[in-house]
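Have a look at the structure below, then the notes.
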Amino acid sequence: MDIKKIRKEFPVTKKYAYLDNACIGPLSYRATAYMNKFVDDMARCGGINEDRWVEDVNKTRAMAARLLNADPSEIAFTKNTSEGISFVANGLGWSISDNVVITDVEFPANVYPWMNLKDRWVQIKFAAEDDAGRIPFEKIEKLVDDKTKVISVSFVEFTSGFRNDLKSIANLCKKRGVVFVVDGIQGLGALELDVKKIGVDFLSADGHKWLLSPEGIGIFYARDRSLEKLTVREVGWASVVDKENYLDYNFTLRPDASRFECGSLNTLGIYGLMGSLELILEIGIKEIEERVLDLTDHLVNGLENKGYKIFSSRRKGDRSGIVSFYSEHQDLASVRNTLKSWGIIVNLRDGRIRVSPHFYNTHEEIDRLLRHLP
Ligand SMILES: Cc1ncc(COP(=O)(O)O)c(C=O)c1O
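Written out as structure tokens, the structure is:
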């Protein structure tokens with residue numbers, strides 16, 4: 000990885016040691032260039048070049064599919080993570096006292112869509128995070144019973160950075176006939192994820208974190224053979240096969256995941272995503288994961304030497320791009336603010352400091368953070 004060249008792509012690196020990708024990832028020049036070109040085109044030519052936009056949308060769809068090892072027909076663009084999870088929650092057929100198994104540390108995007116099914120008497124079972132920042136697979140397994148319809152977990156938990164054992168959960172789902180849903184936002188773009196190999200039914204992720212894309216453009220993966228499990232609750236002119244035959248009123252849904260794209264798309268956001276995906280695929284997700292984990296290992300070493308307590312599990316298989324740590328002797332909110340005044344950007348979650356470096360970050364930036372920590 001040519002880190003000098005990569006850093007030139009990210010203007011944020013000029014001013015900040017930006018270590019908060021789990022909150023909002025910065026845009027690259029590649030992404031902004033595509034977006035600017037689109038804005039300029041629309042300003043100068045209106046919709047004259049729309050055919051080219053459609054081509055680029057499909058190019059981006061193919062790249063999103065490549066990142067996940069999916070087929071482009073299994074990808075829909077959404078407005079965010081919450082929307083994709085809601086497609087599943089609202090689209091499945093529920094019976095009284097069916098239940099959904101999630102964890103007790105999910106971001107609300109993967110909680111409220113299930114709570115919203117209260118009027119259908121759907122129950123939620125929470126697998127609890129333990130004191131070591133882990134949610135052992137066995138805890139999830141124990142909650143599954145004959146009324147479990149869905150297991151829905153984050154690829155990576157947003158406070159601790161714990162990487163769920165997706166493969167074991169998927170195997171369990173297969174064995175018990177349960178639908179497997181993944182909130183992918185805290186890993187996609189930083190860690191390898193092969194939805195085919197794992198056996199995920201549905202995955203949803205917005206672009207604004209590790210995918211280094213604008214807010215409001217999300218990716219929804221619907222496994223081909225799971226698509227028909229969902230009734231499409233939000234439809235519009237673009238949901239159907241012959242969408243440009245406007246007055247035909249032939250309400251036949253498209254045969255693939257694009258049936259979830261009910262109307263005009265966030266083309267500007269898609270152009271940003273196109274730039275980011277291009278960059279991520281060029282560098283290679285395997286190389287990116289190795290670099291992200293190496294940076295977090297370096298950070299954890301330094302933190303331990305300074306006497307900080309690491310909450311994130313560092314076991315092989317559990318690690319991600321998020322490191323969560325604390326100290327009983329420090330006011331962490333003021334530590335975070337002091338770091339910010341030095342141009343070192345980290346965040347606070349659940350009473351701990353959360354640091355989340357991406358591939359464009361360096362050991363030097365981690366060392367700078369360590370030097371400025373009290
Ligand atoms: C695990 C997780 N899911 C989802 C989101 C965001 O949801 P949405 O894309 O709907 O804004 C976040 C953070 O903002 C998150 O950490």
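Reminder that position 53 of the sequence shown reads as 52 in numbering that gives the first Met the number 0, one-by-one numbering, no gaps. Glycine included, every Cβ here is placed at the ideal spot set by N, Cα and C. From a predicted model like this one, the values you see are computed outputs, not experimental measurements.
Is the beta carbon of residue i less than 7 Å from the beta carbon of residue j?
{"i": "leucine 142", "j": "alanine 126", "result": "yes"}
{"i": "glycine 132", "j": "serine 355", "result": "no"}
{"i": "methionine 262", "j": "alanine 237", "result": "With the sequence shown as reference, residue 262 is identified as glycine, and methionine is not the correct amino acid for it. In contact: glycine 262 and alanine 237 (Cβ atoms closer than 7 Å)."}
{"i": "alanine 204", "j": "glutamate 73", "result": "no"}
{"i": "valine 180", "j": "valine 121", "result": "no"}
{"i": "isoleucine 287", "j": "leucine 18", "result": "no"}
{"i": "phenylalanine 157", "j": "phenylalanine 106", "result": "yes"}
{"i": "proline 213", "j": "glycine 271", "result": "yes"}
{"i": "threonine 230", "j": "glycine 90", "result": "yes"}
{"i": "aspartate 182", "j": "threonine 77", "result": "no"}
{"i": "glycine 320", "j": "alanine 169", "result": "no"}
{"i": "serine 153", "j": "serine 323", "result": "no"}
{"i": "alanine 64", "j": "serine 257", "result": "no"}
{"i": "asparagine 346", "j": "cysteine 22", "result": "yes"}
{"i": "leucine 267", "j": "phenylalanine 37", "result": "yes"}
{"i": "isoleucine 134", "j": "asparagine 109", "result": "no"}
{"i": "isoleucine 284", "j": "valine 56", "result": "no"}
{"i": "histidine 297", "j": "histidine 207", "result": "no"}
{"i": "alanine 30", "j": "glutamate 364", "result": "no"}
{"i": "serine 326", "j": "tyrosine 307", "result": "yes"}
State the CB to CB distance for the pair residue i and residue j, rounded to an integer number of angstroms; the pair is presumed to be in contact (CB under 8 Å).
{"i": "leucine 374", "j": "leucine 210", "result": "The question about residue 374 has no answer, for the chain in this structure spans 0 to 373."}
{"i": "leucine 66", "j": "leucine 278", "result": "In fact, because the Cβ distance is near 11 Å, the residues do not count as touching under 8 Å."}
{"i": "lysine 195", "j": "alanine 69", "result": "7 Å"}
{"i": "lysine 146", "j": "asparagine 98", "result": "5 Å"}
{"i": "valine 155", "j": "valine 178", "result": "That pair is no contact at about 20 Å."}
{"i": "asparagine 20", "j": "histidine 357", "result": "4 Å"}
{"i": "arginine 253", "j": "valine 234", "result": "Contact doesn't hold; Cβ gap of about 10 Å is too wide."}
{"i": "asparagine 360", "j": "leucine 294", "result": "6 Å"}
Please report the residue range of the beta strand (DSSP E) in which residue i lies.
{"i": "tyrosine 325", "result": "322-325"}
{"i": "isoleucine 123", "result": "122-126"}
Mind checking which residues open and close the alpha helix (DSSP H) that includes residue i?
{"i": "arginine 65", "result": "49-67"}
{"i": "phenylalanine 9", "result": "Per DSSP, phenylalanine 9 belongs to no alpha helix (DSSP H) and is neither H nor E."}
{"i": "phenylalanine 86", "result": "80-90"}
{"i": "isoleucine 279", "result": "266-282"}
{"i": "threonine 337", "result": "331-340"}
{"i": "alanine 187", "result": "At residue 187 the sequence reads leucine, which differs from the alanine that was named. Element bounds for leucine 187: n/a, residue is neither H nor E."}
{"i": "asparagine 35", "result": "28-44"}
{"i": "glutamate 140", "result": "136-142"}
{"i": "aspartate 366", "result": "362-371"}
{"i": "valine 194", "result": "194-197"}
{"i": "methionine 114", "result": "111-114"}
With DSSP as the reference, identify every bridge partner of residue i, one or two as the case may be.
{"i": "asparagine 346", "result": "Arg353"}
{"i": "arginine 313", "result": "According to DSSP, which records beta bridges pairwise, arginine 313 is partnered with nothing at all."}
{"i": "tyrosine 220", "result": "Ile74 and Leu202"}
{"i": "valine 149", "result": "Val99 and Val178"}
{"i": "lysine 166", "result": "In DSSP, lysine 166 forms no bridge with anything."}
{"i": "tyrosine 17", "result": "Ile344"}
{"i": "valine 239", "result": "Leu252"}
{"i": "valine 155", "result": "Arg162"}
{"i": "lysine 375", "result": "The structure shown has nothing for residue 375, since the chain only spans 0 to 373."}
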